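Data block below; observations after.
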Amino acid sequence: MKKLSCAGRIHPLFALLLVLLLALPIGFYGLYLFIAPSLPDIAQLKSAPVAIPLQVYSKDNKLIGEFGEKISRPVTYDEIPPLMVNAFLAAEDSSFFTHNGVSFKGLGRAVTEAMQSGSGQSGGSTITMQVAKNFYLSPERTLKRKLTEIFLARKIEQNLNKQEIFTLYVNKIFLGQHAYGIAAAAKVYYHKPLKDLTIAEMAMIAGLPKAPTKYNPVNDPDRAIERRNWIIGRMLQLGFISQAQYQENINAPLALNYSANTKRLDVDMPYVAEMVRSAMVEEFGEDVLNSGYRVYTTIPSDRQKMAEDAVHKGLEAYDHRHGWRGAESNTKPLADHYVINNMWPVQVTKVSKQSFDAVFSNGLTVTVPWSGMSWARKYYSTDRVGGAPSNAAEIVHMNDIIRVRPADLTADQIQQYVNAQNKSSAKTNDSDASADLDDPAPDSKKTKTEEPAQPKLDLSKASWSRINWTLTQIPAAEAQLVSLDPNDGAIQAVVGGYDFARSNFNRSMQGWRQPGSNIKPFIYSLALERGFTPYSIINDAPLQVGNWRPQNSDGKFMGPITLRRALYLSRNLVSVRLLQAVGINKAVEHLTHFGFMEDKLPKNLALALGAAQALPIQVATGYAAFANGGYRIQPYFIERVESFKGDVLFKADPVRVCRSCDAANNPDQQDQTDASSVQSDASSAAPTVLTSNPDGSINSTGNPASSPATTPEPANYRRAERVLTAKTAYDMASILRDVIQHGTGYAAMKLGRNDIGGKTGTTNDAKDAWFSGFNPTLVAVAWVGFDQPRTLGRKEFGGVAALPIWSEYMAKALANTPESWIDKDPGNPNSSNSSGAIKPRKKKVIDTESDSTTDSTSTSSDSIADLVESKTAESAAPKHTPQQPSSTKVSPSTPLESPF
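Next comes the structure, spelled out in structure tokens:
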């Protein structure tokens, strides 16, 4: 036998190497077979849920609220700027578009950098591997998880194209400060859309995935710049940018537009946003906060801003009338006070005779001249203030913490000054986070408000010294304003209080208060429905029911007076007699037709003077019937709900007023209305006369009118139901217009319009001041009072405290609205809807005190609840027990129907 030569033998080392080379792929394949069954279905990756916050928008599509732990704004690949793509390739995976999911070259580079510098700037995982980890895997560092990541990356590459993978990556990645995805990061750090970012800003965002906390520009600006500049260098090295672009951006400052406690909203409308959040959570549960739903409201941002400004101006005017209450504190640290409505907390450092100096929390100083503090007469009580001060020492003292406001600058402009003076150190350069003078309350949802465009400011220290500052204080009282469209109930503005950060209690929707004389028009409307006319004669004379002797607020009696004049002069005795005539039970039932709740209405004669409990939104709903011709609308504030992809999930279908439907569907009704109408001249009217008997009962003459007929519902939208005949609605609107032109609301004549009407209201001891008014296109209700009911002051009637708020809002809200008035003959094309250019009679302005609902000259404010031994008073009126605000979040308790 021939022996084998040594040359034919296999060397043992070669054999071992061969075995290893075969074992690695076989073992790798074996591991794949072991792990493969546990890999998720890639088909679900495209539809994988992304935690996106619930977003709330105004009617004009401005972001006004955002709720959820994560801030995320998914984008498509086409919405990503090419330079942003390149920045991420330079930072994370330069061979992304060429590898098959795993880059051994990238792993090698990361290892090399780590060995050379101790910490590498590039990572070992590809973008595809990071998608696998972010969507499916835990952050644990084990061999099995890393192998699973590699296998899953390969599976992703086999099922999705590169653009899809990259889009999933940049929408899911965490980038610090609660931001998930590049669009959210652009909003959070720069308040910009992606398309407006500079190369330096793109590189800064691209540097965050490696270590969102370590390289965060808010936490460590120096390290963030180092990381950003490395990425810009890589972009130059890879040919993504030119040398000129490199030089421009490598030296660029961070230029952040970020504030620690501020969500990046277009407009701050916190009361509206909270209403939406509460409604959505109540309907869908807490998970809706991360659903990405977009809720569009009925409220235009401009009208909401008008309402907020009106509440602030009116409440501050009331507060100044009642004097200076003194320093906010002189022991609590200045840093614990935050900015409210452009009122900046400062600490007094020097008091001169006609001025004082004060310091901001960051060291900037201001001087308040005498002209900015001379208003500050000392407060003793709501009915008493001291004399005019003669020097600054009578007002402030050393170390007092007080508030000042710039005369003609917004809060954002003042912040610009502060930031400009704080740019002396590199670490705080351009970072609003470190430059903020005073952050809003940490536990509040106070957000940055978009202000109108302002002139460019001179940010020098010399310019700072020229700012005129005024001493001010946070009002102790509260106010609200709610406004809606009387034709479909769409809410136009909701201001639930002076400041949401100070109190999130929404007085418009949750604040039960006595409406006072605001309720009288509803009693009068029932009288008109039951046969009275505006020219019926009622005796304004003394009246006693059991032990109760209601009084007019001026203590006087006018004798026989027309119903029209009695309402616009707000005569209490006439209201009581009318309620006796129509019946208490009938009146309670009538009021429920307008949206008032039966269990909040006392079944006694005190109802005529407003001893009920009502929410401002209910009052607005009721007054809408006078503005729209007699229809009951249902207020709503959510117009539609969309998914984050834009699919419409809900669209409101409100009841709407159809003024022409009555005549079209029931021609006889208009004939009946015409036949029963009265002449405008009182001499030609057929009056109903009320006379009183000694025991307080009354006799009346007149024929009750029939109930309004119902009509078919139109096919194209839900139709509002009639609650008043067209004639009654017209007559009531006319009388309420007289309230402004001749009565207690005369101050509203400054609006220069003939198409507005309304009613003042003041409860006992002026605990509540109201003005509720309307135009055919808009209703608004203003209220002023203390959360813990107490007097606003002897002369703080509805026409003094609340009417200015209403007037301020309506003047702006109706600025571009042509004058019009309620149709007397709806459905008749020849019926004029113009205001008729009615000119008010020249006469002495009525004293607004006549509007007070004071019912007794000798009893306490709660004596109205002590009606006893009266045959006509069926039960005692309830004492005033309004729902009080809470320091915690409050779920709305409103009469609004669920929008869903």
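Convert by adding 168 to the 1-based position in the sequence shown; the result is the number in this note's numbering. All C-beta atoms, glycine included, are put in the ideal place defined by N, C-alpha and C. Note that the structure is predicted; figures quoted are calculated from it, not measured.
Counted within 10 angstroms of its Cβ, other Cβ atoms place residue i as buried (16 or more) or exposed
{"i": "GLY555", "result": "exposed"}
{"i": "PHE265", "result": "exposed"}
{"i": "LYS301", "result": "buried"}
{"i": "LEU746", "result": "buried"}
{"i": "VAL534", "result": "buried"}
{"i": "LYS927", "result": "buried"}
{"i": "ALA575", "result": "exposed"}
{"i": "PRO180", "result": "exposed"}
{"i": "ASP436", "result": "buried"}
{"i": "GLY723", "result": "exposed"}
{"i": "ASP326", "result": "For the sequence presented, residue 326 should be read as Gln rather than Asp. By the 10 Å Cβ count, GLN326 comes out exposed."}
{"i": "GLN522", "result": "exposed"}
C-beta atoms of residue i and residue j nearer than 7 Å
{"i": "VAL516", "j": "ASP477", "result": "no"}
{"i": "LEU652", "j": "VAL479", "result": "no"}
{"i": "ARG402", "j": "GLY375", "result": "no"}
{"i": "TRP492", "j": "TYR548", "result": "no"}
{"i": "PRO654", "j": "ALA792", "result": "yes"}
{"i": "ALA1085", "j": "ASN417", "result": "Lying before the first or after the last residue shown, residue 1085 is absent from the chain, which here runs from 169 to 1068."}
{"i": "VAL713", "j": "LEU773", "result": "yes"}
{"i": "ARG808", "j": "TYR439", "result": "no"}
{"i": "ILE373", "j": "SER226", "result": "no"}
{"i": "ILE399", "j": "ALA258", "result": "yes"}
{"i": "ALA897", "j": "GLY797", "result": "yes"}
{"i": "ALA969", "j": "TYR486", "result": "yes"}
{"i": "ASP906", "j": "TYR692", "result": "no"}
{"i": "ASP667", "j": "ILE801", "result": "no"}
{"i": "THR296", "j": "ILE341", "result": "no"}
{"i": "PHE690", "j": "LEU639", "result": "no"}
{"i": "ALA647", "j": "VAL952", "result": "yes"}
{"i": "GLY961", "j": "GLY913", "result": "no"}
C-alpha gap between residue i and residue j, whole angstroms
{"i": "LEU328", "j": "GLU237", "result": "29 Å"}
{"i": "PHE942", "j": "THR985", "result": "13 Å"}
{"i": "SER828", "j": "TYR799", "result": "12 Å"}
{"i": "ASP656", "j": "ASP899", "result": "22 Å"}
{"i": "LYS688", "j": "GLN786", "result": "14 Å"}
{"i": "ALA776", "j": "LEU696", "result": "15 Å"}
{"i": "GLU317", "j": "ARG391", "result": "29 Å"}
{"i": "SER704", "j": "ASN559", "result": "59 Å"}
{"i": "PRO1067", "j": "PHE452", "result": "12 Å"}
{"i": "GLU496", "j": "ARG717", "result": "44 Å"}
{"i": "GLN581", "j": "LEU231", "result": "21 Å"}
{"i": "PHE939", "j": "PHE256", "result": "59 Å"}
{"i": "LEU365", "j": "GLN415", "result": "17 Å"}
{"i": "ILE563", "j": "TRP637", "result": "15 Å"}
{"i": "LYS481", "j": "TYR348", "result": "40 Å"}
{"i": "ASN510", "j": "LYS895", "result": "48 Å"}
{"i": "ASN530", "j": "GLY920", "result": "47 Å"}
{"i": "GLY778", "j": "LEU817", "result": "42 Å"}
{"i": "SER1116", "j": "LEU222", "result": "Residue 1116 falls outside the range modelled here, since the chain spans only 169 to 1068, and no answer is possible."}
{"i": "ARG698", "j": "ALA937", "result": "30 Å"}
{"i": "ALA544", "j": "PRO557", "result": "7 Å"}
{"i": "PRO249", "j": "LYS330", "result": "16 Å"}
{"i": "ALA579", "j": "SER446", "result": "29 Å"}
For residue i, the residue or residues it bridges with in DSSP
{"i": "TYR461", "result": "TYR461 pairs with nothing; no bridge assigned."}
{"i": "PHE342", "result": "TYR348"}
{"i": "THR466", "result": "Answer is none; THR466 lacks a bridge partner."}
{"i": "PHE818", "result": "VAL809"}
{"i": "LEU404", "result": "For LEU404, which the question treats as bridged, DSSP gives no partner whatsoever."}
{"i": "TRP1070", "result": "An answer regarding residue 1070 cannot be provided, because it is not within the stretch 169 to 1068 covered by the chain."}
{"i": "VAL947", "result": "LEU652, PHE942"}
{"i": "LYS546", "result": "TRP492"}
Chain B within 7 Å of residue i, Cβ atoms only
{"i": "GLY269", "result": "The structure shown has no chain B; it contains just one protein chain."}
Can you check the stretch 494-526 for any beta strand (DSSP E) of at least 3 residues that lies completely inside it and give the ranges in chain order? Counting only runs that start and end inside the stretch 494-526, the beta strand (DSSP E) elements of at least 3 residues fall at 512-519.
Quick one: which unbroken beta strand (DSSP E) runs of 3-plus residues sit fully inside the stretch 719-784? Chain order, please. The stretch 719-784 contains these whole beta strand (DSSP E) runs: 727-730.
Any alpha helix (DSSP H) of 4 or more consecutive residues that is wholly inside the stretch 422-458: 438-452
What alpha helix (DSSP H) runs, 4 residues minimum, are completely inside the stretch 649-708? Qualifying alpha helix (DSSP H) stretches, in chain order: 675-678, 688-697.
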